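Trainee:
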Amino acid sequence: MDGKKILKKSAEAVGLVFLCLVIFGPMLGLAIWSVALRWYWPHLLPQEVGFDYWLQALGLQTSLAVGAISITGSLRTSLILAVVVVAIVMLLSTPVGFVLARYRIPFKGAILLLFLMPQAFPQQPVFVNLLLVFTKMDLAGTIEGVLLVHLMVCLVFAVWISSAAFKAVPPELEEAARSVGASGLRTFFQITLPLAMPGLLASAVFVFLTSLDEFTGTFFIGLPFVSTLPMLLYSSSGFNLQFASVIALVLLIPSILFMVIIERFLKAEYIGGIGV
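Sequential numbering of the sequence shown, starting at 338, is according to my numbering.
1) For residue 505, which three-state DSSP category applies?
2) Quick one, which of 570, 537, 541 and 539 has its alpha-carbon nearest residue 553's?
3) Which two residues bound the contiguous alpha helix (DSSP H) that contains residue 395?
4) May I have the straight-line CA-CA distance separating residue 467 from residue 478, to the nearest angstrom?
5) Taking DSSP's pairing of strands, which residues face residue 349 in a bridge?
6) Decide if the stretch 370-377 is in contact with the stretch 353-362; the criterion is three or more beta carbon pairs, one per stretch, under 8 Å apart.
7) Measure the alpha-carbon distance for residue 420 versus residue 379 and round it to whole angstroms.
8) Apart from the five residues just before and just after residue 524, which ones in its own chain have a Cβ nearer than 7 Å to its Cβ?
9) Mind checking who residue 375 pairs with in its DSSP beta bridge?
10) Threshold first: 4 residues or longer. Then list the alpha helix (DSSP H) segments lying entirely within the stretch 563-588, N to C.
11) Check for me: the alpha helix (DSSP H) holding residue 433 runs from which residue to which?
12) With a threshold of 6 Å on Cβ separation, who are the neighbours of residue 495 within its own chain once the five nearest residues in sequence on each side are excluded?
13) State the start and end residues of the unbroken alpha helix (DSSP H) segment that holds residue 558.
14) With DSSP as the reference, label residue 595 as helix, strand or coil.
Shown next as C-alpha cells:
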C-alpha cells in the first residue's frame, strides 16, 4: 500500500513538473532571450546579459547595433485600438446581450449563431475578401479599417458572454423591484446591470486581449501604414530574437494580469449560460 502511495505521489509530481514546463517553459525562454546580449552555441546560458534590448525597445536607449527597433509607436497604436474597441463593443454588446437573455425573440439561436459566422470560416480567405471591399472603400491601410476588423472579431465573444452574464441574473430580482414600483430602466441600472457586471467585465477583458493580440486581420487590412505590436513581433522575429522576445513579453504581461481578473470574476454560471 505504501508503495502504491509513493508511486502515485511520484506520478503526480512528474505530471506537475511536466505541466509547469509546458506552461512556463516558453515564458522562461522568452525572458532569457530578452536579456541575452551574447548567446552562442554551445553555451547553455547567455555569456552576457543586460537590459539593453528592453531599454531600446521602450525608447530609452538608442545605441544598439543594426536592427534595433522601438516599440513605443506600435504599443501606443495597439493600446489605443484596444481601448476604443472595448468601448464600442461593450456599448453594442451589452444591450444586445440583455435582449437575447431576457426576451423571447424569434430565431434567437440563429441570431447567436450569426455572431459566430466570422469565426466559422478560415480567417485568411475572409480577410482577403474584406481587403478587396475595403480597398474600394479607401479603408485599406487605414486605422479606421483596422478598427472595423477588430470590432468584427471581438463582437462575437462580447455578445455571447454578455448574454450569458445577463442570463445568470435571477429574473425574480427584477420582478421584485418592479413590484415595488421601480421602472424598467431603474431596475436595469440598479439591479440587473450591477449583478451582471462581473460577466461584463470579463467580456471587456476578453475584447481587450483579443484586440491587443489580433494579427491576421491587421496584417491584411493595415499594411503598410498601420503597425501594431503583433505586426512588429512578426517582422522582428525573422532577424532579431531578442527584440521579438521583448515584444512577446510585453504582449504577455497584460494577458496574464487580465486572465487573473477573469478567473476571479467569470463564474461557472456565466459560462454555463452561454448560448442559452
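Backbone N, C-alpha and C fix where the C-beta goes; we use that ideal spot for every residue, glycine too. Treat the numbers as computed from the prediction; the structure is a model and nothing was measured.
Mentor: Looking at the coordinates:
1) By one-based count along the sequence shown, residue 505 stands at place 168. Residue 505: coil per DSSP, three-state reduction.
2) Sequence index remark: in the sequence shown, residue 553 carries index 216 (1-based). The candidate whose alpha carbon is nearest that of residue 553 is 570.
3) Mapped onto the sequence shown, residue 395 falls at position 58. Segment: none, residue 395 is in no alpha helix (DSSP H) and carries neither H nor E.
4) By 1-based counting over the sequence shown, the position of residue 467 is 130. By 1-based counting over the sequence shown, the position of residue 478 is 141. Looking at the two C-alpha atoms, the distance is approximately 12 Å.
5) As a working note, residue 349 is residue 12 in the sequence shown. None, per the DSSP bridge assignment.
6) no
7) In the sequence shown, the residue the question calls residue 420 occupies position 83. In the sequence shown, the residue the question calls residue 379 occupies position 42. So the alpha carbons of these two residues sit roughly 45 Å apart.
8) By one-based count along the sequence shown, residue 524 stands at place 187. For residue 524, where only same-chain residues beyond five positions count, the Cβ hits under 7 Å are 511, 514 and 515.
9) Locating residue 375 in the sequence shown gives position 38, where the first residue counts as 1. Its beta-bridge partners are 385.
10) 566-573
11) Counted from its first residue, the sequence shown places residue 433 at position 96. 409-439 is the span of the alpha helix (DSSP H), which, as asked, contains residue 433.
12) On the sequence shown, residue 495 is found 158 positions in, with the first residue counted as 1. These residues qualify, in order along the chain: 426, 430, 540 and 544.
13) As a working mapping, residue 558 is identified with position 221 in the sequence shown. That run of the alpha helix (DSSP H) goes 553-559.
14) Stepping through the sequence shown from its first residue, residue 595 is reached at position 258. Residue 595 falls in the helix class under three-state DSSP.
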